[in-house]
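Since the structure comes first, as structure tokens, the remarks are kept for the end.
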Amino acid sequence: MKHNLEKLLYAQEFDLEIDKLIKSKKVYPGQIESWKKEIDDLKNAIDDIKGLIVENQKNRRLIEEEITAEQDALSNKKQRLLKTKTNKEYTAVQNEIEQALERIDHLETEDLELMTVFDELNPQKDELIAKHKATRSENDSKIKEIHGKFDSIESDISKLEKKRKRMLSGMEDKAMRVYNRLRKGKSGIAIATVNQIKLSCQGCFKQLPPQKVLEVRRSEKLLFCESCGRLLVWDERAKKK
Numbered sequence: 012m013k014h015n016l017e018k019l020l021y022a023q024e025f026d027l028e029i030d031k032l033i034k035s036k037k038v039y040p041g042q043i044e045s046w047k048k049e050i051d052d053l054k055n056a057i058d059d060i061k062g063l064i065v066e067n068q069k070n071r072r073l074i075e076e077e078i079t080a081e082q083d084a085l086s087n088k089k090q091r092l093l094k095t096k097t098n099k100e101y102t103a104v105q106n107e108i109e110q111a112l113e114r115i116d117h118l119e120t121e122d123l124e125l126m127t128v129f130d131e132l133n134p135q136k137d138e139l140i141a142k143h144k145a146t147r148s149e150n151d152s153k154i155k156e157i158h159g160k161f162d163s164i165e166s167d168i169s170k171l172e173k174k175r176k177r178m179l180s181g182m183e184d185k186a187m188r189v190y191n192r193l194r195k196g197k198s199g200i201a202i203a204t205v206n207q208i209k210l211s212c213q214g215c216f217k218q219l220p221p222q223k224v225l226e227v228r229r230s231e232k233l234l235f236c237e238s239c240g241r242l243l244v245w246d247e248r249a250k251k252k
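Quick note on our numbering: the sequence shown kicks off at 12 and runs consecutively.
What follows is the structure, given as structure tokens:
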């Protein structure tokens, strides 16, 4: 039985490594998508800010055209003012001139505000472009590395399974059935070794009775932790650590 228990302990080490690889295989696509999304989000942010800059320049051109038109109209009003013949007509044209000046002043204020926004948008755009370039370079490198790891997972799993199969050659069916049943119900960890200093179960850390420890060390039969239910095994390699 001792030989079978040692084999099961090694089998668990192989199985946990295989579990880890399978889990990585499931995690990698999510990581890749996350890195791609980070790149795309920055690209979209750049496109958005470029759109704001284009809209800003378009609005400035419209305002400048309106200012020019208002200034032309103002010039005509000033010419009309010189030709007025009555106080009433003079007052009316003077009011039109004041309104035109107010409109021009308002448009020039809007233009100045748009210029200020433009001066803020350009550095933001340059900063995003630089960040996008750096992030794309870094993330593309990580994605390439992950693809390499992903491609090797199946090969690594296959190698581990072959080693596991060779190691379990001649294994008793009963012990194997117990191990497989426990693995399903114990999150993949069917075997717990004994902490040889604290004399406790390494699965749940519960103190073991001295007689139980002695029996586990003898390795003459299958023994289980009364607390966590895992199969208890004495790991001879612990003495060498």
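By construction, the Cβ of each residue, glycine as well, lies at the ideal position given by its N, Cα and C atoms.
These numbers were taken from a predicted model, which means no experiment stands behind them.
Judged by DSSP in its simplified three-state form, T146 adopts helix. Our two residues, I154 and K173, have alpha carbons roughly 29 Å apart in a direct line. Checking the DSSP bridge columns, you'll see N98 has no partner listed. Between D122 and I74, the C-beta spacing is below 8 Å.
Fewer than three beta-carbon pairs drawn from the region 179-196 and the region 59-70 are found closer than 8 Å, and the two stretches are therefore not classed as touching. A residue is called buried once 16 or more other Cβ atoms fall within 10 Å of its Cβ, and L19 is buried on that count. Contact between L92 and Q105 holds, since their C-beta atoms are separated by about 7 Å, short of 8 Å.
Counting the other Cβ atoms within 10 Å of the Cβ of I208 gives fewer than 16, which makes it exposed.
Taking a contact to require three or more Cβ pairs closer than 8 Å, the region 165-181 and the region 98-117 do not qualify as touching. Taken through DSSP and simplified to helix, strand or coil, L92 comes out as helix. A buried status is given to H143, since no fewer than 16 other beta-carbon atoms sit within 10 Å of its beta-carbon. Excluding five sequence positions before and after H117, none of the CB atoms of its chain fall closer than 7 Å to its own CB. Secondary structure of L118 (DSSP, three-state): helix. Contact between R241 and G199 is absent: CB atoms are separated by about 11 Å, not below the 8 Å threshold. In this structure, I60 keeps its C-beta atom at 8 Å or more from the C-beta atom of Q110. One thing to note: I78 has its Cβ within 8 Å of the Cβ of E119.
Per DSSP, A203 is one residue of the beta strand (DSSP E) stretching across I202 to N206. A direct Cα-to-Cα measurement between Y39 and Y21 gives close to 27 Å. For S211, same chain residues with a beta-carbon under 8 Å away, outside a window of 5 residues either side, are V205, K217, Q218 and L219 in chain order.
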